Amino acid sequence: MKTRSTGFYRYDLDGLRGIAIALVAVFHIWFGRVSGGVDVFLALSGFFFGGKVLRAALNPAVSLSPVAETIRLIRRLVPALVVVLAGCAVLTILVQPQTRWETFADQSLASLGYYQNWELANTVSDYLRAGEAVSPLQHIWSMSVQGQFFIGFLLLVTGCAYVLQRLFGGRQAPYLRTGFVVLLSALTVASFVYAIVAHTDDQSIAYYDTFARAWELLLGALVGALVRYIRWPMWLRTALATVSLAAIVSCGALIDGVKEFPGPWALVPVGATMLMVLAGANIEAHPSTGGRLPLPNRLLSTRPIVELGAIAYSLYLWHWPLLIFWLSYTGHKHANFLEGAAVLLVSGVLAYLTTELVEDPLRYRAPQGAASPLPVTWHSRLRRPTMALGTAVVLLGVTLTATSFSWRQHITVLRAAGKELTVLNPQDYPGARALTEHVRVPSLPMRPTVLEVKLDHPASTRDGCISDFVNPAVVNCVYGDLASDRTIALAGGSHAEHWLPALDLLGQVHHFKVVTYLKMGCPLSTEQVPLIMGNNAPYPQCREWVQRTMAKLVSDRPDYVFTTTTRPWNIKSGDVMPATYIGIWQTLSDNNIPILGMRDTPWLVKNGQPFDPADCLAKRGGSAQSCAIKRSDLLSDRNQTLDFVGQFPLLKVLDMSDAVCRSDVCRPVEGNVLIYTGAHHITPTYMKTMAHELGRQIAAATGWW
């Protein structure tokens, strides 16, 4: 940043970028936390870009052209992004299983189109910790937010400048500046209030929401509009700069940004950044400064930190994917000190090369025309390589886009063949019958394939017959023999739902109907404050849904309620019967409603992390045996539900563990059929092969056939 009067350059703000990227990288790699460095970037971006656009709008001698500014933005931001995406595409093919290529293609397109934040919001990606299953492009959400803000802000200022100039009869700076300050203040407050509301409503989505993040950039733009009026004495500048720099550096350690941002706590890094800007503003205009920056700002102006700031953009782009690819290659949960140092070193080298060879040559275009003060021969030599580089980047971007679309189309064609899953020959694909009946298993390719399985869902999911995480309403759908008078109520979360394909078949054959009472991630429980399994986030909608469902079950009086009776331990191997299930059984028993209590199927966990067998099978050398997990790590020796049969005579215990696992291991494939969708849901294709054994157990419990 230069002041117009002296040409004084704010090297300290380049240094602040260096501190921010160091915090981002260090906290990502070694601590699995959000440092607040991204919020520093957002605030500085708003300050630099917003200030530049506003100065152009207020300067009669300058013509503000949205097209020209957009082209400059593209030259500044896109080339380095394209190079990093190309490198990530190559590493994805070399390192990651095919099961993750589709996600990469989707997010590559989202990154190139600058809507990656909305792509992640739709999938509610977890930004808590790096891991091998996390997207290598997840960090580009912040670049998308900035890109959307830049274009929106540019159009807003251009349009408002045009209107205000018409109202005031020309570029009368005081009136225009006041109008813009009022407008920016209102927008900043509105965005901040929205961020608080969105944070309270659904923080995981608000984290990526452009409108919830806009206040951070708008505050920067607002400071850019007012910075020329700051005339603080040196003692106050030094005090503010010292406190602000300390707040920025300590933010990641003191504030859990993943859970608290972009809510009120984001004011700490954003506000501190703006105070750092103001602490060094207009120093030549106040006699107490002696023309020198405060000490903290001078520290930020030292060459190593400034040089780090110069490569901050490219370093931000490189460090995260290299970390993710390393974890994917090694299978480690996190990087140790030496691994993290190596990732940082390689990231730094690639960032320097990207900045020097791609970003700067295309950003600082060679001067053109007869008025150029440079020698014609030098100008010609510089221009030709720059044009070639620009052409290469464009072709690389086009190739990335075409490849991503082609892979998505390929997956679509493959999954279209997945319709055959409903008519697989049971002799060729016996599935669970290979375990329960020891039938012969021919040597045939597994179905569904690792690419087909993503769309292998039970009918209730396709029909919208399961309430999502937000909706507390009870949704009833009917399957099996729709005309039958006998009813089994299928009630609980998705682990009750995945039994529907088998129950539907049995209902049609043995003449009973299956009525669904289902909600995502919500088993029947008396838990006062339910938590979402996996991230332990509060789930108040589950409690409300359970209360409604129990009242409806008592009112509907089905012949049996089919629900799960166990869950995996969160703290050790095996499964457990939660005490909060007992109250549900008591209510049903008090109303003389029998219970078909199904032991939950194993949740696959390896090294303390959810284990997706499709990813394992897709890797080179992946097989049913190499991707197996010891049964004792997933299931306890005894089904604890059996201990309560005496207390609850209407509780009929079902256990299909032997139809999923062998005596020693749980394999992801049995009888040529893939068992799992993700880490813990049974595929409908495999579930249908369990129908015979499930029917045998239900018949013994009910006496219906």
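Using this note's numbering, you'd call the opening residue of the sequence shown number 8 and step up by one each time. Every residue gets a Cβ at the ideal spot worked out from N, C-alpha and C, and that includes glycine. Computed from a predicted model, the values in this text were never measured in an experiment.
Taking one beta carbon from each stretch, the stretch 297-309 and the stretch 74-87 have fewer than 3 pairs nearer than 8 Å; the two do not touch. When DSSP assignments are scanned along the stretch 560-620, the uninterrupted stretches of beta strand (DSSP E) that are 3 or more residues long and fall wholly within it turn out to be 567-571 and 602-605.
Out of Tyr169, Ala698 and Asp582, the CA that lies nearest to the CA of Leu642 is found in Asp582. By the neighbour-count criterion, in which 16 or more other beta carbons inside 10 Å mark a residue as buried, Pro86 falls on the buried side. Distances from the alpha-carbon of Asn129 to those of Val612, Ser118, Tyr215 and Gln155 put Tyr215 closest. For the stretch 65-124, the full-length alpha helix (DSSP H) segments reaching 4 residues or more read 73-102 and 108-119 along the chain.
Going by beta carbons, Pro675 and Tyr683 fall inside the 8 Å limit. Residue environment analysis places Glu504 among the buried positions, since at least 16 neighbouring C-beta atoms fall within 10 angstroms of its C-beta.
The shortest C-alpha to C-alpha distance from Pro585 to any of Ser450, Gly604, Leu162 and Asn598 is the one to Gly604.
DSSP, reduced to helix, strand and coil, places Ser308 outside both helices and strands of the structure shown, so it counts as coil.
Rounded to the nearest angstrom, the Cβ distance from Arg555 to Gln535 is 16 Å, too far for a contact under 8 Å. C-alpha of Phe655 to C-alpha of Leu649: approximately 10 Å in a straight line. Take Met540, set aside five residues on each side of it, and the residues of its chain with a beta-carbon closer than 7 Å to its own are Gly528, in chain order. Assigned with DSSP and collapsed to three states, Tyr371 falls in coil, not helix or strand. Cα atoms of Leu513 and Ala698: separation of roughly 7 Å, rounded to the nearest angstrom.
In this structure, the straight-line span from the alpha carbon of Val652 to that of Thr594 is close to 15 Å. Val284 and Val234 do touch by the CB rule: their CB atoms are close to 7 Å apart, below 8 Å. Bounds of the beta strand (DSSP E) holding Gly499 are Thr494 to Gly499. Per the coordinates, the alpha-carbon of Val356 lies some 34 Å from the alpha-carbon of Ala213.
Among the bridge pairs identified by DSSP, Glu677 is matched with Val680. When C-alpha distances from His445 are compared across Leu451, Pro437 and Pro452, the shortest belongs to Pro437. Collapsing the DSSP output to three states places Lys695 in a helix. Each of Trp239, Gly53 and Leu462 was checked against the Cα of Gly159, and the nearest Cα belongs to Gly53. Within the model, the alpha-carbon separation for Leu458 versus Ala625 is close to 9 Å. With contacts defined as CB atoms closer than 8 Å, Thr280 and Leu51 qualify as a contacting pair.
Between Val102 and Phe332, the C-beta spacing is below 8 Å. Collapsing the DSSP output to three states places Ser42 in coil. By the CB criterion at 8 Å, Gly499 and Gly25 fall outside the cutoff. If only uninterrupted alpha helix (DSSP H) runs of at least 4 residues are considered, those enclosed by the stretch 508-568 are 547-563. Looking at Thr608, Val568 and Asn577, the one whose alpha-carbon comes closest to that of Asn598 is Val568.
Annotated three-state conformation of Arg454 is strand, per DSSP.
The Cβ atoms of Trp711 and His517 sit closer than 8 Å to each other. Assignment of beta-bridge partners to Lys659 by DSSP yields Leu603.
Just so you know, the alpha carbons of His35 and Gly43 end up roughly 11 Å apart. By the beta-carbon neighbour count (other beta carbons within 10 angstroms, threshold 16), Thr419 is exposed. Annotation for Gly487: the continuous beta strand (DSSP E) segment containing it runs Val485 to Gly487.
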